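Take the sequence shown: its position 420, counted from the start at 1, is 420 in the UniProt record's numbering, and no numbers get skipped.
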Amino acid sequence: MITVVAGAFAAVDQEYLFEARQMQALSFVVHIPLVCFGIAFPAMVLFCEWRWLRTGDELYRTLARRWSKVMLALFAIGVVTGTILSFELGLLWPGFMASFGNVFGLGFTMEGFSFFIEAIFIAIYVYGWDRLRPRTHFLMGIPVVAAGITGSWFVISVNGWMNHPGGFVLRDGRAVEARPWSALFANEFFWHEFVHMYFAGYIVAGFLIAVPYAWGFLRGRWSRYHRTALTVALSAAAVAAPLQIVIGDWAAREIARHQPVKLAALEGLGRTTRGASEHLLGWYDGSEVVHGIEIPRLLSLLAFHDPDATVIGLNTVPAQDLPPVNVVRIAFQSMIGIGSLLALLGVVFLYVRLRHRRLPGSPWFYRAVVAAGPLSVVALLAGWVTTEVGRQPWVVYGVMRTGQAVTGASGIPIGYGTLIVVYLGLAGGVWWLLHRFSRVPLEEHHD
């Protein structure tokens, strides 16, 4: 709950506000896929090592060891991109940090502890092969898995608070009497965001890891090593993808309760409507969706599980309080469409695997897996566009506008150009590392 005593935020004279938002968005685009690997990849690596300890099969040890090097490389790149993000928050959005840092700062502080735990144990784990006893080495991987989860948990608690703020009194443009624990972790908006992102981590990491092995199948590489690696990666993604549909339903209903204007933007609902229709595809022309496929009463049913429920429309708030509707709609429908296809692909894999005890044999299945890797990233980013752009024009929903949080500095275009160069260099470095890892020959008994 927010109590406003007095005062308001002043708008900042910044002609490069849009470029500042683009800078922040670019950093998210680069960093968020790495977060998925931080959530899911350590568990997949540790699963392979556990299978080696249980079965004595050296193939699993080889797979875990090779993947652990990739895990370390991606973690190192994530350190760089995460550091850039943290600096951007202070440099680009000083009004936000100064006014509300005492409320959400706890989340970033705790994420810092998770980062240091992960950094310490990931180094021990990767460099401990052949240096630690097998069971001790396995135990060193458990904090890596835990820290990858808690790090994202703390950061997403901040995003949940930004979408559903509370736990403070607003006095003269500053948050006072802050209650950070309840603001972040007793926030109704936090839990569905975290679970949604957690499963997204397994979908993205699983499908992306599966891509080189599916491509190898199409090119005639089908050793037991490749089959095992593909099975582990696809199993993680295939289980998570169908479940994500259920979690997405939960998230949509929370948005309907707490951010009705965002829901109206997602669906292009111009006016408050009882028994609102869902529109697939189409374009919002300023009052309604045109050229779309209308499904009567479906929006009310999905948002409130009642086909006759009333759904708030965009006409309930002034035009300056609306997000860019078509940007949000396209992102949302892209996420839903791709996510549904990924879930279908996961169901096909699980059916064949569980029913016939083998991998699918059709080349078309593996072509679909190769496409699913990059498409999973598109769905991930589209989901975050839905969340972040759908919250606009607010940085703290209903409390502080993005234009009130931005810096007044004039060097944003220079910083933007520099950031692009840095990320291009990082992308080249990642490509070189992964290519070098892929060229390391396998031990002969795995071919």
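Just so you know, even glycine gets a beta-carbon here, dropped at the ideal spot from N, CA and C.
What you are looking at is a predicted structure, and each value in this text was computed from that prediction instead of being measured.
For residue j and residue i, the rounded distance between their alpha carbons
i: proline 260; j: valine 103; result: 24 Å
i: methionine 162; j: alanine 25; result: 16 Å
i: valine 195; j: glycine 415; result: 34 Å
i: arginine 439; j: valine 430; result: 14 Å
i: valine 12; j: glycine 148; result: 37 Å
i: arginine 227; j: phenylalanine 115; result: 33 Å
i: arginine 54; j: leucine 139; result: 14 Å
i: glycine 128; j: arginine 51; result: 18 Å
i: residue 456; j: methionine 400; result: Residue 456 falls outside the range modelled here, since the chain spans only 1 to 447, and no answer is possible.
i: leucine 91; j: alanine 98; result: 11 Å
i: alanine 343; j: glycine 141; result: 29 Å
i: glutamate 288; j: proline 318; result: 16 Å
i: leucine 301; j: aspartate 249; result: 11 Å
i: alanine 427; j: glutamine 333; result: 28 Å
i: aspartate 57; j: leucine 46; result: 14 Å
i: arginine 436; j: leucine 381; result: 28 Å
i: glutamine 22; j: leucine 263; result: 23 Å
i: isoleucine 117; j: valine 389; result: 33 Å
i: serine 182; j: proline 134; result: 42 Å
i: serine 340; j: glutamate 188; result: 26 Å
i: tryptophan 384; j: leucine 170; result: 28 Å
i: valine 327; j: threonine 387; result: 11 Å
i: isoleucine 39; j: leucine 208; result: 14 Å
i: valine 211; j: valine 377; result: 12 Å
i: glutamine 14; j: alanine 146; result: 41 Å
i: aspartate 447; j: valine 421; result: Residue placement at aspartate 447 is poorly supported in this model, since its pLDDT is 49, which falls under 50; the coordinates still yield a value, given next. Whole-angstrom Cα-Cα distance: 41 Å.
i: leucine 375; j: phenylalanine 9; result: 40 Å
i: valine 396; j: leucine 132; result: 48 Å
i: threonine 62; j: tyrosine 225; result: 9 Å
i: glycine 7; j: phenylalanine 87; result: In this prediction, glycine 7 scores a pLDDT of 48, lower than 50, which makes its location untrustworthy; the coordinate-derived value is nonetheless stated afterwards. One C-alpha to the other measures close to 28 Å.
i: proline 360; j: alanine 256; result: 40 Å
i: arginine 66; j: aspartate 130; result: 14 Å
i: isoleucine 295; j: valine 325; result: 19 Å
i: alanine 372; j: glycine 337; result: 12 Å
i: alanine 175; j: serine 68; result: 43 Å
i: threonine 136; j: cysteine 48; result: 15 Å
i: residue 503; j: threonine 150; result: For residue 503 there is no data in the structure shown, the boundaries of the chain being 1 and 447.
i: glutamine 320; j: glycine 173; result: 21 Å
i: valine 29; j: leucine 419; result: 13 Å
Whole-angstrom C-beta distance between residue j and residue i, which should lie under 8 Å
i: histidine 71; j: valine 232; result: Reading the sequence as shown, one finds methionine at residue 71 and not histidine. In fact, because the Cβ distance is near 14 Å, the residues do not count as touching under 8 Å.
i: alanine 265; j: leucine 322; result: 7 Å
i: arginine 297; j: glycine 275; result: 5 Å
i: phenylalanine 199; j: leucine 243; result: 6 Å
i: glutamate 278; j: glutamate 267; result: 7 Å
i: alanine 252; j: isoleucine 203; result: Contact flag wrong, Cβ pair sits at about 18 Å.
i: alanine 20; j: isoleucine 412; result: 5 Å
i: histidine 258; j: histidine 164; result: 5 Å
i: proline 42; j: valine 144; result: 5 Å
i: residue 499; j: isoleucine 312; result: Since the displayed the chain opens at 1 and closes at 447, residue 499 lies outside it and no answer follows.
i: leucine 280; j: isoleucine 293; result: 4 Å
Contact under 7 Å by Cβ, residue i with residue j
i: valine 229; j: tyrosine 213; result: It is worth fixing the name first, because residue 229 is alanine in this sequence and not valine. A contact, by the Cβ cut-off of 7 Å.
i: valine 35; j: serine 157; result: no
i: leucine 17; j: glycine 403; result: yes
i: glycine 107; j: leucine 184; result: yes
i: serine 27; j: isoleucine 84; result: yes
i: alanine 73; j: leucine 433; result: yes
i: glycine 206; j: alanine 236; result: yes
i: valine 370; j: tryptophan 215; result: yes
i: isoleucine 124; j: phenylalanine 75; result: no
i: arginine 179; j: glycine 160; result: no
i: phenylalanine 96; j: alanine 405; result: yes
i: alanine 379; j: methionine 335; result: yes
i: valine 79; j: glutamate 111; result: no
i: histidine 31; j: threonine 109; result: no
i: threonine 407; j: proline 94; result: yes
i: phenylalanine 113; j: leucine 234; result: no
Test: residue i CB closer than 7 Å to a CB of chain B
i: alanine 409; result: The chain inventory of the structure shown lacks chain B, comprising one protein chain alone.
Report yes or no: do three or more beta-carbon pairs, one from the region 366-375 and one from the region 300-310, lie closer than 8 Å?
no
Return the chain-ordered ranges of every beta strand (DSSP E) run that is complete within the region 255-317 and spans a minimum of 3 residues.
278-280 and 293-295
Considering only residues of the region 78-140, which uninterrupted alpha helix (DSSP H) runs meet the minimum length of 4 residues and lie entirely inside it, listed in chain order?
94-127
Give the list of continuous alpha helix (DSSP H) stretches no shorter than 4 residues that lie fully inside the region 155-221.
180-185 and 188-218
Along the chain, which unbroken stretches of the beta strand (DSSP E) at least 3 residues long are found entirely within the region 363-422?
394-396
Mind pulling the beta strand (DSSP E) runs of 3 or more residues that sit fully within the region 34-64?
The qualifying runs do not exist here; there are none.
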